[in-house]
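Here's the structure we're looking at; comments come further down.
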Amino acid sequence: GQNIDQPTEMTATEGAIVQINCTYQTSGFNGLFWYQQHAGEAPTFLSYNVLDGLEEKGRFSSFLSRSKGYSYLLLKELQMKDSASYLCAADPNTDKLIFGTGTRLQVFP
Amino acid sequence: EPEVTQTPSHQVTQMGQEVILRCVPISNHLYFYWYRQILGQKVEFLVSFYNNEISEKSEIFDDQFSVERPDGSNFTLKIRSTKLEDSAMYFCASSGGGRMNTEAFFGQGTRLTVV
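Top line first, the protein sequences correspond to chains A and B.
Residue numbering for the first sequence follows the numbering used here, beginning at 185 and increasing consecutively.
Residue numbering for the second sequence follows the numbering used here, beginning at -1 and increasing consecutively.
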């Protein structure tokens, strides 16, 4: 079967660091995407991990462990505008993405 | 910055009516997708399209759905006879990498409400 799990909601304080975890089980696997989605808007691309390890892009970093079926998105120096849903999506090596339910992050002052 | 554009932004239709959702993908992209998101639920894959044919479709994409690239710029999703459960946000996406699923850019979505 195909399954993507991530927490439903998280809260954090402005300036803090937050880690959003994602575990996946797919029949094939090529890589793992993270998207940001503000309410009522389109998902916007954040990162794509194919190889194991950490990839850093400014305040956002993403980690992948293929052997553990695990990824996380790390957000540093949180800002109010980071309040959004963060979608984990697996590329099962077919012509589609499989999305998790998304993690709704609320950043408080 | 190039973007995927979708029209209309919101469509209200009566059950049983046909709707066509329109998308203009990024101009040099070769791979096109439709996804949908029912309110409060996850984004679900509907169909992918490459080289003028469907490359993959989900169980949701049954006989009432069809896609077309009628000219060099538009990519449309047609729902032949809408049902209440088709109410959702429909996202078009495109990607331009060497294979499907390299960074996909999403449009702003069409909110379809079936009454």
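Note that CB positions come from ideal geometry on N, CA and C, so glycine has one too.
Spell out the partners DSSP gives Leu110/B in its beta bridges. Taking the second sequence and counting its residues from 1, the one referred to as residue 110/B is at position 112. DSSP output for Leu110/B lists Gln9/B and Ala86/B as bridge partner(s).
Find out if the Cβ-Cβ distance for the pair Thr278/A, Glu54/B is shorter than 8 Å. Here residue 278/A refers to the residue found at position 94 when the first sequence is read from its first residue. Here residue 54/B refers to the residue found at position 56 when the second sequence is read from its first residue. Yes; because the gap between Cβ atoms is below 8 Å, this pair is in contact.
Under 8 Å by Cβ, that's how I've got Val291/A and Ala226/A pegged, so tell me the actual separation to the nearest angstrom. Numbered from its first residue, the first sequence carries residue 291/A at position 107. Numbered from its first residue, the first sequence carries residue 226/A at position 42. At roughly 21 Å, the Cβ-Cβ gap does not stay under 8 Å, so Val291/A and Ala226/A are not in contact.
Comparing the C-beta of Phe213/A with each C-beta of chain B, is any distance below 8 Å? Taking the first sequence and counting its residues from 1, one reaches residue 213/A at position 29. Taking 8 Å as the threshold, the shortest C-beta distance from Phe213/A to chain B does not fall below it.
Own chain, CB closer than 6 Å to Gly286/A, minus 5 neighbours either side, in chain order: Locating residue 286/A in the first sequence gives position 102, counting from the first residue. Taken in chain order, the residues that qualify are Ser269 and Leu271.
In the DSSP assignment, find the unbroken beta strand (DSSP E) run with Val2/B in it and report its ends. The residue you call residue 2/B lines up with position 4 of the second sequence. The continuous stretches of beta strand (DSSP E) do not include Val2/B, and DSSP gives it neither H nor E.
Short of 8 Å Cβ to Cβ, which residues in the region 37 to 56 of chain B face chain A? Gln39, Lys40, Val41, Glu42, Phe43, Ser46, Tyr48, Ser53, Glu54 and Ser56
Mark Ile282/A as exposed unless 16 or more other C-beta atoms lie within 10 angstroms of its C-beta, in which case mark it buried. The residue labelled residue 282/A in the question sits at position 98 within the first sequence. By the neighbour-count rule (16 or more Cβ atoms within 10 Å), Ile282/A is buried.
Beta-bridge partners of Ala273/A, as assigned by DSSP: For this step, residue 273/A is matched to residue 89 along the first sequence. In DSSP, Ala273/A forms a bridge with Phe217/A and Phe283/A.
Please state the DSSP three-state secondary structure of Asp266/A. Numbered from 1 along the first sequence, position 82 holds the residue referred to as residue 266/A. Under the three-state reduction of DSSP output, Asp266/A falls in the helix class.
For the region 249 to 258 of chain A against the region 1 to 11 of chain B, do three or more pairs of beta-carbon atoms, one drawn from each stretch, fall closer than 8 Å, so that the two count as touching? They do not touch, by the three-pair rule.
For the region 22 to 36 of chain B against the region 86 to 96 of chain B, do three or more pairs of beta-carbon atoms, one drawn from each stretch, fall closer than 8 Å, so that the two count as touching? Between the region 22 to 36 of chain B and the region 86 to 96 of chain B there are three or more inter-stretch CB-CB distances shorter than 8 Å, so the stretches are counted as touching.
Using a Cβ-Cβ distance cut-off of 8 Å, determine whether Gln115/B contacts chain A. In the structure as shown, chain B begins at -1 and stops at 113. Residue 115/B is therefore absent and cannot be evaluated.
Tell me, please, which residues DSSP counts as bridged to Val45/B. Locating residue 45/B in the second sequence gives position 47, where the first residue counts as 1. Partner residues in the beta bridge of Val45/B, as assigned by DSSP, are Trp32/B and Lys55/B.
Interface residues of chain A around Glu101/B at Cβ under 7 Å? Taking the second sequence and counting its residues from 1, the one referred to as residue 101/B is at position 103. In chain order: Phe229 and Tyr232.
Distance, Asp69/B Cα to Val202/A Cα: For this step, residue 202/A is matched to residue 18 along the first sequence. For this step, residue 69/B is matched to residue 71 along the second sequence. If you take the alpha carbons of Val202/A and Asp69/B, they lie about 45 Å apart.
Do Leu110/B and Val17/B have their CB atoms nearer than 8 Å? Position 112 of the second sequence, counted from the start, is the residue given in the question as residue 110/B. Position 19 of the second sequence, counted from the start, is the residue given in the question as residue 17/B. Cβ distance < 8 Å, so Leu110/B and Val17/B count as in contact.
Between the CA atoms of Gln209/A and Thr228/A - distance to the nearest angstrom: Position 44 of the first sequence, counting from 1, holds the residue named residue 228/A. Position 25 of the first sequence, counting from 1, holds the residue named residue 209/A. Computed Cα separation, rounded: 23 Å.
Take Phe104/B and list the residues in its own chain whose beta-carbon comes closer than 6 Å to its own, dropping the five residues that flank it on each side. By one-based count along the second sequence, residue 104/B stands at place 106. The residues are Phe89 and Ala91.
Along the region 84 to 95 of chain B, where does the CB come closer than 7 Å to a CB of chain A? Name the residues. Listed in chain order, the positions of the region 84 to 95 of chain B with a beta carbon within less than 7 Å of a beta carbon of chain A are Phe89.
Cα separation between Leu216/A and Pro0/B? On the first sequence, position 32 is the one that residue 216/A refers to. On the second sequence, position 2 is the one that residue 0/B refers to. Straight-line Cα distance between these residues: approximately 24 Å.
If you run the structure through DSSP and keep just helix, strand and coil, what is Ile18/B? To locate residue 18/B, count along the second sequence from 1; it is residue 20. Strand, per DSSP.
Anyone know if the C-beta pair for Leu262/A and Ala200/A falls short of 8 Å? Taking the first residue of the first sequence as position 1, residue 262/A is located at position 78. Taking the first residue of the first sequence as position 1, residue 200/A is located at position 16. Yes, the Cβ-Cβ distance between Leu262/A and Ala200/A is below 8 Å.
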